[in-house]
Structure formats: structure tokens, C-alpha cells
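Residue numbers (this note's numbering): 34 to 372.
Worksheet: the structure to be examined is printed underneath.
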Amino acid sequence: MFGFRYFKAKPTEFVVLYQSGKVKRSGVGLSFLYFAPTSTISKVPLQNMSIPFILTETTKDFQAVTLQGNLTLRVMKPEKLARVLNFGLDDRAKVYESKDPEKLPDQIINKLQVVVRGQIQALTLTEALVLTPQQVLDLKNALGDSEFLEELGLSCLDLSIMAIKPKPETAKALEAHQREAMLQEADRAIYVRRNAAIEQERAIRENELETEHAVEEKKRRIEETKLEAERSLQQKRQAMLLEKQESNTHLEKEREKLVQLAAKNATLEADSRAYGMRAMLKPLGEMDPKTLEALSMMHMNPSQMIAQAFQSMAENSEKIGELNISPDLLSRLLEDKKK
Numbered sequence: 034m035f036g037f038r039y040f041k042a043k044p045t046e047f048v049v050l051y052q053s054g055k056v057k058r059s060g061v062g063l064s065f066l067y068f069a070p071t072s073t074i075s076k077v078p079l080q081n082m083s084i085p086f087i088l089t090e091t092t093k094d095f096q097a098v099t100l101q102g103n104l105t106l107r108v109m110k111p112e113k114l115a116r117v118l119n120f121g122l123d124d125r126a127k128v129y130e131s132k133d134p135e136k137l138p139d140q141i142i143n144k145l146q147v148v149v150r151g152q153i154q155a156l157t158l159t160e161a162l163v164l165t166p167q168q169v170l171d172l173k174n175a176l177g178d179s180e181f182l183e184e185l186g187l188s189c190l191d192l193s194i195m196a197i198k199p200k201p202e203t204a205k206a207l208e209a210h211q212r213e214a215m216l217q218e219a220d221r222a223i224y225v226r227r228n229a230a231i232e233q234e235r236a237i238r239e240n241e242l243e244t245e246h247a248v249e250e251k252k253r254r255i256e257e258t259k260l261e262a263e264r265s266l267q268q269k270r271q272a273m274l275l276e277k278q279e280s281n282t283h284l285e286k287e288r289e290k291l292v293q294l295a296a297k298n299a300t301l302e303a304d305s306r307a308y309g310m311r312a313m314l315k316p317l318g319e320m321d322p323k324t325l326e327a328l329s330m331m332h333m334n335p336s337q338m339i340a341q342a343f344q345s346m347a348e349n350s351e352k353i354g355e356l357n358i359s360p361d362l363l364s365r366l367l368e369d370k371k372k
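Rendered as C-alpha cells:
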């Protein structure tokens with residue numbers, strides 16, 4: 034009505050009211066009446082801007098890679114942004130009258146591409162495909178410290194790299210190379226495992242051999258100990274046998290001495306007896322045989338005397354012509370014999 038209108042901003046919108054080329058009002062979430070013919074309204078959104086991007090760059094070894102990520106910005110100085118870019122609304126204060134707000138993400142992505150290009154071109158393909166968190170942080174800091182964002186009054190909150198991909202044929206080559214490397218690594222692991230198994234088996238065998246050697250050495254020592262004990266026992270037995278033989282020899286020698294002494298004593302005793310007999314028989318030897326014979330018959334019985342008579346006759350048989358013996362004499366002799 035008569036050119037007066039009402040404007041109401043959201044809490045996340047920074048509004049600047051210009052009248053006659055001068056700032057009349059500015060602030061966040063304002064609501065006011067304005068005179069449309071002489072007024073201009075600029076509206077800058079304050080909510081965080083999330084800008085997805087896909088960039089294609091060339092690495093140090095001339096390989097193309099595609100980076101996919103997201104950039105998060107915040108408007109820190111909306112007045113400065115409103116002065117640099119046209120955020121003015123149309124006469125009805127409904128839409129922007131310029132394309133600058135729509136072009137702002139593209140300008141930021143272009144600046145980001147310049148920063149990323151400087152980083153990627155210093156890396157090889159393999160290094161670019163595995164960007165570290167520190168390298169991503171360096172990209173964020175490089176973009177945040179640039180004069181471009183400073184002039185726009187923007188601040189870089191976050192930079193996320195979600196994917197880094199080479200060309201499909203390059204990816205296949207890398208996959209083949211990596212697969213070959215993995216197979217070689219697997220072969221190397223198998224070799225190392227087999228070598229370790231062989232080493233363990235060799236160590237086990239060496240331990241077994243050492244154990245067998247120790248057992249054989251122990252057996253040898255036991256056998257030597259047994260032989261030494263048997264040898265010592267044999268020596269003791271031999272010594273005992275020698276002692277017994279020496280004792281027997283000594284005993285035999287003593288017995289021989291005893292026998293010699295007994296024989297000597299017997300000889301002396303026989304000599305003594307013979308001497309006594311000779312001394313006793315010496316007077317008899319000097320006597321007449323007839324006298325001795327008569328003396329010997331003194332204690333004879335009649336039978337013995339008859340036998341002695343028969344013996345004398347037998348000795349002198351050549352001198353006897355004829356001999357008659359009566360039956361009575363023979364009978365008596367037989368009776369005396371029976372008695």
C-alpha cells in the first residue's frame with residue numbers, strides 16, 4: 034500500500050536494508066517495514082554451507098585421479114560477503130535478483146581445485162590414492178588460510194575426501210599389480226612358513242639327536258660303571274682267591290713242617306724203640322739157642338708144644354726115616370683146637 038511493505042527474516046538469515054545507498058538497518062532475523070521504491074534488501078544465509086565436489090587432477094607420474102568429497106563452510110562476516118557479491122532481493126523481496134549466490138559454491142570449488150591440484154601434482158599415483166589424514170588437513174588449512182575466503186568473509190569448517198579413484202584401466206592395472214604383489218607376498222609367506230617349519234623340524238631333530246646322544250652317553254657311562262664294578266669285584270675275588278691260595282700254601286707248608294716233624298719224631302721214636310729192642314735182645318743173642326727155645330716153651334700149652342715138635346720134625350724130615358702118629362694124639366689135638 035503506497036509502496037510500503039513488510040519484511041521478516043529467518044533466524045539463520047543476515048539482512049541489510051539499504052535506503053538511498055546507505056545502510057539503514059542490518060542484523061540477524063530482522064523484521065521491519067520498508068518503502069520499496071527507495072529501499073534495497075540484501076539477505077545472506079548464515080547456516081553452514083555443505084558443498085559436495087568431484088575433482089579430476091593429474092598426479093606427479095601423469096596419472097588422472099578423481100577426488101570425491103565434501104566441503105563445509107560458514108559465513109563469519111556476512112557484511113563483507115554482502116559487499117563482495119550481490120545478495121540483493123527483487124522488488125518483492127522473495128528471490129535474489131542476481132546469480133551470484135548460486136555461483137558462490139562454484140567459485141569456492143574452483144579455489145579448492147587450485148589448492149588440491151598443487152597437492153596432488155606433488156604426489157605419485159600410489160601416494161595420491163592413499164592420502165593421509167594429515168595431508169587432508171593440510172588441504173583444509175591451505176584453503177582456510179587463502180585470501181579468497183578471507184575476502185568473502187567465509188571460514189572453512191571441514192574438508193572430507195570420501196573417495197580417490199584412478200581411471201578404470203589404471204585401476205585394473207593397479208589391481209593386477211597389487212594382486213600379483215599379494216600373491217608374491219603369499220608365496221613369500223608360504224616360503225617363510227615352510228622355512229620356519231623346516232627350521233623347527235631341524236631343531237626338533239637336533240634335540241632328538243642330542244637326546245639320543247645323551248642317552249647313549251648315559252648308557253655308556255652306566256656300562257662303564259658296571260664293568261668297572263665287575264672289574265673291581267673280579268679283582269677283589271682274585272685277591273681273595275690269592276689270599277686263600279697263599280693261606281692254603283702257608284697251611285700246606287706248615288702241615289709239611291708238621292709232617293716232617295712228625296716223621297722225624299716217629300723216626301726218633303722208632304730209633305729209640307729199636308735201640309731198646311737191641312738192648313733188650315742183646316743178652317738173648319748171646320744165649321744158647323737151645324736155652325732160648327726152652328725158655329720160650331715154658332709158658333706154652335701142650336698143643337703148642339706138640340705143634341712146635343711137629344715143626345722141628347718137619348725141619349729135620351730128611352733125617353727121619355719113619356714116623357708113626359697115633360689116632361689118640363690127633364683126636365686130642367682136634368679137641369684142644371675146638372676148645
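Ideal placement from N, C-alpha and C gives every residue a C-beta, glycine not left out.
Inter-residue CB distance, residue i and residue j (contact presumed, cutoff 8 angstroms)
i      : j      : result
Gly62  : Lys43  : 6 angstroms
Leu158 : Gln96  : 4 angstroms
Leu162 : Val98  : 7 angstroms
Leu176 : Val148 : 5 angstroms
Span separating the alpha-carbon of residue i from that of residue j
i      : j      : result
Ile3   : Tyr224 : Since the first and last residues shown for the chain are 34 and 372, residue 3 lies out of range.
Ile237 : Glu245 : 12 angstroms
Leu274 : Arg306 : 45 angstroms
Glu234 : Lys252 : 26 angstroms
Glu279 : Glu257 : 32 angstroms
Arg38  : Pro70  : 10 angstroms
Ala126 : Glu112 : 18 angstroms
His283 : Thr300 : 25 angstroms
Asn298 : Lys286 : 18 angstroms
Ala230 : Arg221 : 14 angstroms
Arg58  : Leu104 : 32 angstroms
Leu100 : Thr89  : 6 angstroms
Gly36  : Leu185 : 33 angstroms
Glu241 : Pro201 : 58 angstroms
Gln167 : Leu145 : 17 angstroms
Ala115 : Leu207 : 48 angstroms
Arg311 : Glu302 : 14 angstroms
Ser83  : Thr165 : 22 angstroms
Arg264 : Glu276 : 18 angstroms
Leu187 : Leu106 : 7 angstroms
Ala209 : Met215 : 10 angstroms
Leu2   : Glu180 : In this structure the chain extends from 34 to 372, so residue 2 is not present and cannot be described.
Glu135 : Gly102 : 19 angstroms
Gln268 : Glu261 : 10 angstroms
Asp373 : Leu294 : Because the chain here runs from 34 to 372, residue 373 falls outside it and cannot be looked at.
Neighbourhood of residue i by C-beta, 8 angstroms cutoff - its chain only, sequence neighbours within 5 removed
i      : result
Val169 : Leu192, Ser193, Ile194
Ser64  : Tyr39, Phe40, Lys41, Ala42
Contact set for residue i: own chain, Cβ-Cβ below 7 angstroms, skip 5 residues either direction
i      : result
Leu156 : Thr92, Lys93
Beta carbon proximity, residue i to chain B, threshold 7 angstroms
i      : result
Leu100 : Among the protein chains of the structure shown there is no chain B, as only one such chain exists.
Cutoff 6 angstroms; reference residue i; Cβ partners in own chain excluding five residues on either side
i      : result
Val133 : Just to set this straight, residue 133 is Asp in the shown sequence, not Val. Leu118, Asn119.
Requested in this report: Identify every run of the beta strand (DSSP E) within the stretch 210-283, keeping only runs that are complete inside it and at least 3 residues long; order them along the chain.
Outcome: none
Requested in this report: Count the CB pairs spanning the stretch 146-156 and the stretch 171-178 that are closer than 8 angstroms, and state whether there are at least three.
Outcome: Output reads yes: the stretch 171-178 touches the stretch 146-156.
Query raised in the report: Is the stretch 75-88 touching the stretch 42-60, taking contact as three or more C-beta pairs under 8 angstroms?
Result: In this structure the stretch 75-88 lies against the stretch 42-60, because at least three pairs of beta carbons, one per stretch, are closer than 8 angstroms.
Requested in this report: Please list the segments of the alpha helix (DSSP H) lying wholly inside the stretch 129-181, counting only runs of 4 or more residues, in order along the chain.
Outcome: 133-153, 158-162, 166-177
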